[in-house]
Structures are given as structure tokens and as C-alpha cells.
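In what follows, a single structure is set out as C-alpha cells and then discussed.
Numbering (the UniProt record's numbering), first residue to last: 1 to 90.
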């Protein structure tokens with residue numbers, strides 16, 4: 001899968017493993033997560049792939065939704081979704 005045409009954050013790549021170690025403990029007994037401000041979607045895809053027991057719901061402002069939705073579509077993870085209504089703050 002080539003995601004070079006999607007927005008990319010090096011910081012997301014750098015901190016995903018340390019964050020995952022915390023999330024493993026914090027979400028051990030959870031079934032659903034709503035991520036506010038999913039941005040590029042890199043974390044959403046990574047965490048959903050590593051925490052298969054969770055239904056991961058991503059969200060962001062409307063201007064970020066097309067790229068976020070595309071990254072999630074390409075990931076094709078059954079437990080990962082993007083909210084089509086996120087970002088509607090008016």
C-alpha cells in the first residue's frame with residue numbers, strides 16, 4: 001500500500017509505539033474509542049491494527065475528512081471507522 005499521496009506526520013510515526021504502550025493498558029477493558037482530531041489518520045490506522053478488540057472511531061474537521069477517510073479506506077480494517085459528521089461545529 002502506497003500512501004505517499006496522503007498527508008503525513010513524522011511526529012505520528014515517531015510517537016506511535018510509546019503511545020501504544022500506554023493505550024494497551026488504558027484500553028484493556030474498553031470496546032470503543034472515539035478519537036477527536038484524528039488528523040492524518042496515521043495513529044488511527046496503527047492503533048486500530050494493534051488493538052483489534054477496539055472499535056476505533058476517528059473524527060476531525062471537515063477540511064481533513066477526505067484524506068482521513070481515504071487512509072482509513074486503504075487500511076481496510078474492520079474495527080476502524082471515520083465519522084462523516086465530524087467537524088460540523090456550526
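Note that beta-carbon positions come from the ideal geometry of N, C-alpha and C, so glycine has one too.
These numbers were taken from a predicted model, which means no experiment stands behind them.
With distances taken from CA atoms, which of the options is nearest residue i?
i          : options           : result
residue 42 : 25, 32, 18 and 10 : 10
residue 22 : 72, 82, 65 and 47 : 47
residue 73 : 45, 62, 13 and 52 : 45
residue 8  : 31, 71 and 32     : 71
residue 18 : 32, 33, 50 and 3  : 50
State the DSSP-derived secondary structure class of residue i, mapped to helix, strand or coil.
i          : result
residue 61 : coil
residue 84 : coil
residue 12 : helix
residue 20 : helix
residue 26 : helix
Run the CB neighbour count on residue i, radius 10 Å, all protein chains shown included, and call it buried at 16 or more, exposed below.
i          : result
residue 90 : Its pLDDT being 45, under 50, residue 90 is placed unreliably in this model, and the value from its coordinates should be taken loosely. Looking at its Cβ environment, which holds fewer than 16 other Cβ atoms inside 10 Å, residue 90 is exposed.
residue 36 : exposed
residue 68 : buried
residue 38 : buried
residue 65 : buried
Is residue i close to chain B, meaning its C-beta is less than 9 Å from at least one C-beta of that chain?
i          : result
residue 84 : Here chain B cannot be found, since the structure has a single protein chain.
Task: Inter-stretch contact (C-beta, 8 Å, three-pair minimum) for the segment 53-64 and the segment 73-83 - done: Taking a cut-off of 8 Å on C-beta distances, the segment 53-64 touches the segment 73-83, as three or more cross pairs fall below it.
- [ ] Kindly provide the ranges of any alpha helix (DSSP H) runs that are 4 or more residues long and lie completely inside the segment 31-75, ordered along the chain.
- [x] For the segment 31-75, the full-length alpha helix (DSSP H) segments reaching 4 residues or more read 42-50 and 65-75 along the chain.
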